[in-house]
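One structure is given here, and the rest of the page talks about it.
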Amino acid sequence: MAAKTARSKSTSTKENGVRVEEGLSLFKSDKFDADAYVQSKCSINEKDIKQLCSYLLDLKKASAEEMRRSVYANYPAFIRTSKEISDLEGELSSIRNLLSTQATLIHGLANGVNIDHDGSPANGALNFEDNDLSDLEKWAAEYPDQLDALLAERRVDEALAAFDEGELLISQANENHTLSSSLLSSLQFAIAERKQKLADQLAKAACQPSTRGGELRSAITALKRLGDGPRAHTVLLDAHFQRYQYNMQSLRPSSTSYGGAYTAALSQLVFSAISQASSDSLGIFGKEPAYSSELVTWATKQTEAFSLLVKRHALASSAAAGGLRAAAECAQIALGHCSLLEARGLSLCPVLLKHFKPIVEQALEANLKRIEENTAAMAAADDWVLTNPPAGSRHASTAFQNKLTSSAHRFNLMVQDFFEDVGPLLSMQLGSKALEGLFRVFNSYVDVLVRALPGSMEEEEANFEGFGNKIVQMAETEAQQLALLANASLLADELLPRAAMKLAPLDQTSHRTDDLRRHSDRQNRNPEQREWKRRLLSTVDKLKDAFCRQHALDLIFTESLTHVFFWYVVKLMLCLKFL
Numbered sequence: 234m235a236a237k238t239a240r241s242k243s244t245s246t247k248e249n250g251v252r253v254e255e256g257l258s259l260f261k262s263d264k265f266d267a268d269a270y271v272q273s274k275c276s277i278n279e280k281d282i283k284q285l286c287s288y289l290l291d292l293k294k295a296s297a298e299e300m301r302r303s304v305y306a307n308y309p310a311f312i313r314t315s316k317e318i319s320d321l322e323g324e325l326s327s328i329r330n331l332l333s334t335q336a337t338l339i340h341g342l343a344n345g346v347n348i349d350h351d352g353s354p355a356n357g358a359l360n361f362e363d364n365d366l367s368d369l370e371k372w373a374a375e376y377p378d379q380l381d382a383l384l385a386e387r388r389v390d391e392a393l394a395a396f397d398e399g400e401l402l403i404s405q406a407n408e409n410h411t412l413s414s415s416l417l418s419s420l421q422f423a424i425a426e427r428k429q430k431l432a433d434q435l436a437k438a439a440c441q442p443s444t445r446g447g448e449l450r451s452a453i454t455a456l457k458r459l460g461d462g463p464r465a466h467t468v469l470l471d472a473h474f475q476r477y478q479y480n481m482q483s484l485r486p487s488s489t490s491y492g493g494a495y496t497a498a499l500s501q502l503v504f505s506a507i508s509q510a511s512s513d514s515l516g517i518f519g520k521e522p523a524y525s526s527e528l529v530t531w532a533t534k535q536t537e538a539f540s541l542l543v544k545r546h547a548l549a550s551s552a553a554a555g556g557l558r559a560a561a562e563c564a565q566i567a568l569g570h571c572s573l574l575e576a577r578g579l580s581l582c583p584v585l586l587k588h589f590k591p592i593v594e595q596a597l598e599a600n601l602k603r604i605e606e607n608t609a610a611m612a613a614a615d616d617w618v619l620t621n622p623p624a625g626s627r628h629a630s631t632a633f634q635n636k637l638t639s640s641a642h643r644f645n646l647m648v649q650d651f652f653e654d655v656g657p658l659l660s661m662q663l664g665s666k667a668l669e670g671l672f673r674v675f676n677s678y679v680d681v682l683v684r685a686l687p688g689s690m691e692e693e694e695a696n697f698e699g700f701g702n703k704i705v706q707m708a709e710t711e712a713q714q715l716a717l718l719a720n721a722s723l724l725a726d727e728l729l730p731r732a733a734m735k736l737a738p739l740d741q742t743s744h745r746t747d748d749l750r751r752h753s754d755r756q757n758r759n760p761e762q763r764e765w766k767r768r769l770l771s772t773v774d775k776l777k778d779a780f781c782r783q784h785a786l787d788l789i790f791t792e793s794l795t796h797v798f799f800w801y802v803v804k805l806m807l808c809l810k811f812l
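Counting along the sequence shown from 1, when you hit position 203 you're at 436 in my numbering, and nothing is skipped either side.
Here it is in structure tokens:
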């Protein structure tokens with residue numbers, strides 16, 4: 234399936250490229266007349282301009298989507314390569330430090346040999362240097378104990394200052410040859426050992442859940458000053474992970490509780506931790522690519538773990554039960570929190586969509602199946618009599634009180650509720666799938682209406698799908714048969730398209746929606762919905778054909794053709810006028 238999808242995407246990309254080349258061939262021609270071309274385009278009318286604007290907007294959206302897809306397809310390889318380069322740089326730095334240490338030791342040994350073979354200086358100079366050497370050796374003997382005391386008392390800033398002081402004195406002693414090579418090596422080893430001990434202390438303290446934000450940043454900054462930036466950044470991310478994992482212990486999902494509350498609480502914890510980690514990383518380490526790549530990888534991993542928790546404890550049960558509204562709200566809450574990270578350069582919504590979209594589609598299909606089954610049950614007991622909407626329903630008090638039969642009223646009511654549930658899922662690109670699913674259900678309902686006509690053909694019944702072979706009450710009278718036509722025509726031409734307007738991709742987060750944006754969104758949405766309405770009306774043609782065929786057969790095989798001929802002609806004319 235993945236290979237098939239990849240081939241289809243590649244084919245689509247090639248086709249788009251061919252179309253673009255064909256479109257540009259006009260401009261590459263030697264006979265291209267710019268003035269004539271501009272004049273030809275200036276003659277188009279308002280409708281053509283709107284179509285051209287709509288085409289350009291669709292092209293812009295498709296281009297942005299293709300670029301996003303390409304970036305996310307290649308980003309894991311980019312992160313992996315950056316990580317390998319960072320590791321290689323760290324190894325080269327370690328080798329460089331090791332070579333420098335070895336060169337220092339060799340230089341110290343060589344100087345020691347030269348001092349042993351050189352003559353002795355003057356007595357006054359010897360006494361002065363002996364006094365200085367004695368003080369330096371005394372300091373060198375006390376220095377490790379001083380470091381141990383600072384580490385034991387956790388006086389981090391003073392310990393860092395002592396490390397700097399020790400490294401400076403060692404460098405000066407090495408240049409002035411005032412310490413033996415063995416003493417220099419001993420001091421360097423003592424500093425390295427205490428640095429490692431302090432780094433371990435800082436890492437352990439940083440990962441404690443009780444460590445506050447300021448304390449954490451101070452510990453990570455100190456760890457970075459010790460010369461181990463990669464470890465400091467990893468500890469920073471791990472500290473934020475440990476903290477929100479500790480806070481998650483108070484969250485206990487329950488089968489009886491509302492899934493949206495659990496999703497909101499968990500989203501707040503996880504994405505707040507990612508946001509704070511991003512802020513700390515930028516404040517301490519800047520925008521260095523190696524650290525930024527590690528942050529993105531870590532944030533992606535946490536988002537995937539979060540999506541699995543939401544699927545297990547909130548979405549799965551809702552989707553299995555066909556609770557589209559509950560599943561939609563959970564997904565919308567998570568996406569809302571996640572989208573706030575885009576201001577920090579972290580676009581993690583595609584990670585959530587990859588996990589949420591299939592399970593929300595499952596809830597969508599279950600909801601459509603429920604509409605189909607409930608309408609079939611109502612159709613089995615429908616007497617095919619046109620009535621106003623049932624008293625007490627939300628549509629009974631509206632200005633549009635269209636007369637339908639009981640099954641059509643039920644179908645219309647469930648469709649209205651369905652579109653209210655699907656509306657928030659436009660961000661998951663499920664609007665087209667919802668329209669397609671509802672078209673499939675309406676097509677099955679029209680099949681039931683066809684079966685309700687007396688004398689419907691057996692071979693057609695064998696091909697009906699969706700509502701299956703449920704028993705349907707026959708529409709025996711002409712009024713009942715016209716009610717079947719009224720059901721299908723009114724639903725396809727008015728009620729369903731009006732309900733589909735709720736799929737408007739308008740800004741629901743602001744009460745001050747701009748009128749121009751509202752108008753533009755409607756214009757972009759209209760072509761798809763017009764095509765959907767056209768398909769609905771073409772489905773109604775099946776019922777019209779069956780109705781006309783039935784009455785044509787009655788006309789042909791009636792015994793008193795002369796007596797009823799005029800009546801059937803009038804009836805067919807009325808039917809055609811109604812259609």
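Beta carbons are placed, not taken as given, at the ideal position from N, Cα and C, and that holds for glycine.
Note that the coordinates shown come from a computational prediction; the quantities given were computed from them, not determined experimentally.
### Task
Select from 571, 595, 390 the residue whose C-alpha is nearest the C-alpha of residue 584.
As a working note, residue 584 is residue 351 in the sequence shown. Of the candidates 571, 595, 390, the one whose C-alpha sits nearest the C-alpha of residue 584 is 571.
### Query
Do residue 733 and residue 646 have their C-beta atoms closer together than 8 Å?
Along the sequence shown, one-based indexing puts residue 733 at 500. Along the sequence shown, one-based indexing puts residue 646 at 413. For residue 733 and residue 646, no; Cβs fall outside 8 Å.
### Task
Compute the Euclidean distance between the alpha carbons of residue 353 and residue 452, then round it to the nearest angstrom.
For the purposes of this step, residue 353 is taken as residue 120 along the sequence shown, with counting starting at 1. For the purposes of this step, residue 452 is taken as residue 219 along the sequence shown, with counting starting at 1. With a pLDDT of only 43 at residue 353, under the threshold of 50, the placement of this residue in the model should not be trusted; the figure read from the coordinates follows. About 50 Å.
### Alpha carbon of residue 535 to alpha carbon of residue 579, nearest angstrom
Walking along the sequence shown from the start, residue 535 turns up at place 302. Walking along the sequence shown from the start, residue 579 turns up at place 346. Cα-Cα distance, rounded: 12 Å.
### Delimiting residues of the alpha helix (DSSP H) encompassing residue 642
Numbered from its first residue, the sequence shown carries residue 642 at position 409. Residues 639-655.
### Query
If you drop the 5 nearest sequence neighbours on each side, which residues of the same chain put their C-beta closer than 6 Å to that of residue 670?
Counting from one through the sequence shown, the residue named residue 670 turns up at place 437. 601.
### Task
Could you check what DSSP says for residue 608 in three-state terms: helix, strand or coil?
Residue numbering aside, residue 608 sits at position 375 when the sequence shown is read from its first letter. DSSP, reduced to helix, strand and coil, places residue 608 within a helical segment of the structure shown.
### Message
Alpha carbons only, please: which of 519, 313, 760 is nearest the one belonging to residue 291?
### Response
Residue numbering aside, residue 291 sits at position 58 when the sequence shown is read from its first letter. That would be 760, whose Cα lies nearest to the Cα of residue 291.
### Query
Which whole-angstrom value is the C-beta distance of residue 682 and residue 635, which I expect to be below 8 Å?
Taking the first residue of the sequence shown as position 1, residue 682 is located at position 449. Taking the first residue of the sequence shown as position 1, residue 635 is located at position 402. About 16 Å; that fails the 8 Å criterion.
### Straight-line gap, residue 575 to residue 436 (C-alpha atoms, nearest Å)
Residue numbering aside, residue 575 sits at position 342 when the sequence shown is read from its first letter. Residue numbering aside, residue 436 sits at position 203 when the sequence shown is read from its first letter. One Cα belongs to residue 575, the other to residue 436, and the distance between them is close to 29 Å.
### For residue 620, the residue or residues it bridges with in DSSP
Locating residue 620 in the sequence shown gives position 387, counting from the first residue. In the DSSP assignment, the residues bridged to residue 620 are 637.
### Query
So what does DSSP say about residue 679, is it helix, strand or coil?
Looking up residue 679 in the sequence shown gives position 446. Residue 679 falls in the helix class under three-state DSSP.
### Task
Count the other CB atoms, across all protein chains shown, that sit within 10 Å of the CB of residue 773; report buried if there are 16 or more and exposed otherwise.
Along the sequence shown, one-based indexing puts residue 773 at 540. Residue 773 comes out buried.
### Stretch pair the stretch 561-571 + the stretch 522-533: three plus CB contacts closer than 8 Å
Short answer: they don't touch.
### Query
So what does DSSP say about residue 710, is it helix, strand or coil?
Along the sequence shown, read from residue 1 onward, the residue named residue 710 stands at position 477. Note: residue 710 maps to coil in three-state DSSP.
### Task
Enumerate, from N- to C-terminal direction, the unbroken alpha helix (DSSP H) stretches of 4 or more residues contained entirely within the stretch 384-450.
Here the runs fully enclosed are 389-409, 414-439.
### Message
What does the Cβ neighbour count give for residue 422, buried or exposed, with the cut at 16 atoms within 10 Å?
### Response
Residue mapping note: residue 422 aligns to position 189 of the sequence shown, counting from 1. Residue 422 comes out exposed.
### Message
Under 8 Å: do the stretch 511-524 and the stretch 587-598 share three or more Cβ pairs, one atom per stretch?
### Response
Not touching, per the Cβ criterion.
### Task
Decide if residue 427 is buried, meaning its Cβ has at least 16 other Cβ atoms within 10 Å, or exposed.
To locate residue 427, count along the sequence shown from 1; it is residue 194. By the neighbour-count criterion, in which 16 or more other beta carbons inside 10 Å mark a residue as buried, residue 427 falls on the buried side.
### Task
Look at the Cβ atom of residue 517, then the Cβ atom of residue 444, and state whether they are nearer than 8 Å.
Stepping through the sequence shown from its first residue, residue 517 is reached at position 284. Stepping through the sequence shown from its first residue, residue 444 is reached at position 211. For residue 517 and residue 444, no; Cβs fall outside 8 Å.
### Neighbourhood of residue 696 by C-beta distance below 6 Å, restricted to the same chain and skipping five residues each side
By 1-based counting over the sequence shown, the position of residue 696 is 463. Note that residue 696 scores 48 on pLDDT, short of 50, meaning its location in the model is unreliable and no value can be drawn from it.
### Task
Compute the distance between the beta-carbons of residue 321 and residue 384, then report whether it is under 8 Å.
Within the sequence shown, the letter at position 88 stands for residue 321. Within the sequence shown, the letter at position 151 stands for residue 384. No, they are not a contact pair.
#### Entry: Outcome for residue 496 when other beta-carbon atoms lying within 10 angstroms are tallied against a minimum of 16
Here residue 496 corresponds to residue number 263 of the sequence shown, with the count starting at 1. Buried, by the Cβ-count rule.
### Query
Closest by CA to residue 605, which one among 640, 470, 618?
On the sequence shown, residue 605 is found 372 positions in, with the first residue counted as 1. By alpha-carbon distance to residue 605, the top candidate from 640, 470, 618 is 640.
### Query
What's the C-alpha gap between residue 537 and residue 465?
Stepping through the sequence shown from its first residue, residue 537 is reached at position 304. Stepping through the sequence shown from its first residue, residue 465 is reached at position 232. In this model, residue 537 and residue 465 are separated by some 24 Å (Cα to Cα).
### Query
Nearest to residue 648 by CA position, among 778, 620, 557, is which residue?
One-based indexing of the sequence shown puts residue 648 at position 415. Minimum Cα distance to residue 648 is reached at 557.
### Task
Consult DSSP for residue 731 and reduce its assignment to one of helix, strand or coil.
Here the question's residue 731 lines up with position 498 in the sequence shown. Looking at residue 731 - three-state DSSP - the assignment turns out to be helix.
### Query
Can you tell me whether residue 512 is buried or exposed, with buried defined as 16 or more other CB within 10 angstroms of its CB?
Start at 1 with the first residue of the sequence shown, and residue 512 comes out as number 279. Residue 512 is exposed by the Cβ-count criterion.
### Message
If I follow the unbroken alpha helix (DSSP H) through residue 518, where does it start and stop?
### Response
Reading the sequence shown from its first residue, position 285 is the one you call residue 518. Bounds of the alpha helix (DSSP H) holding residue 518 are 492-518.
### Task
Let me know the secondary structure DSSP gives residue 704 once reduced to three states.
Locating residue 704 in the sequence shown gives position 471, counting from the first residue. DSSP, reduced to helix, strand and coil, places residue 704 outside both helices and strands of the structure shown, so it counts as coil.
### Query
Roughly how many angstroms lie between the CA atoms of residue 715 and residue 765, to the nearest whole one?
Here residue 715 refers to the residue found at position 482 when the sequence shown is read from its first residue. Here residue 765 refers to the residue found at position 532 when the sequence shown is read from its first residue. One alpha carbon belongs to residue 715, the other to residue 765, and they sit about 24 Å apart.
### Task
Have a look at residue 374 and residue 399 and give me their C-alpha separation to the nearest angstrom.
Taking the sequence shown and counting its residues from 1, one reaches residue 374 at position 141. Taking the sequence shown and counting its residues from 1, one reaches residue 399 at position 166. Distance from the CA atom of residue 374 to the CA atom of residue 399, rounded to whole angstroms, is 12 Å.
### Query
Could you check where the alpha helix (DSSP H) with residue 265 kicks off and where it finishes?
Sequence index remark: in the sequence shown, residue 265 carries index 32 (1-based). Per DSSP, residue 265 belongs to no alpha helix (DSSP H) and is neither H nor E.
### Query
Between which two residues does the alpha helix (DSSP H) carrying residue 534 extend?
In the sequence shown, counting from the first residue as 1, residue 534 sits at position 301. Its alpha helix (DSSP H) spans residues 522-543.
### Message
In whole angstroms, give me the CA-to-CA distance for residue 622 and residue 652.
### Response
Translated into positions along the sequence shown, residue 622 becomes position 389. Translated into positions along the sequence shown, residue 652 becomes position 419. Their Cα atoms are separated by approximately 19 Å.
### Task
Report, in whole angstroms, the separation of the C-beta atoms of residue 492 and residue 551, which I expect to be a contact under 8 Å.
What you label residue 492 is simply residue 259 of the sequence shown in a count that begins at 1. What you label residue 551 is simply residue 318 of the sequence shown in a count that begins at 1. Confirmed, Cβ separation roughly 6 Å.
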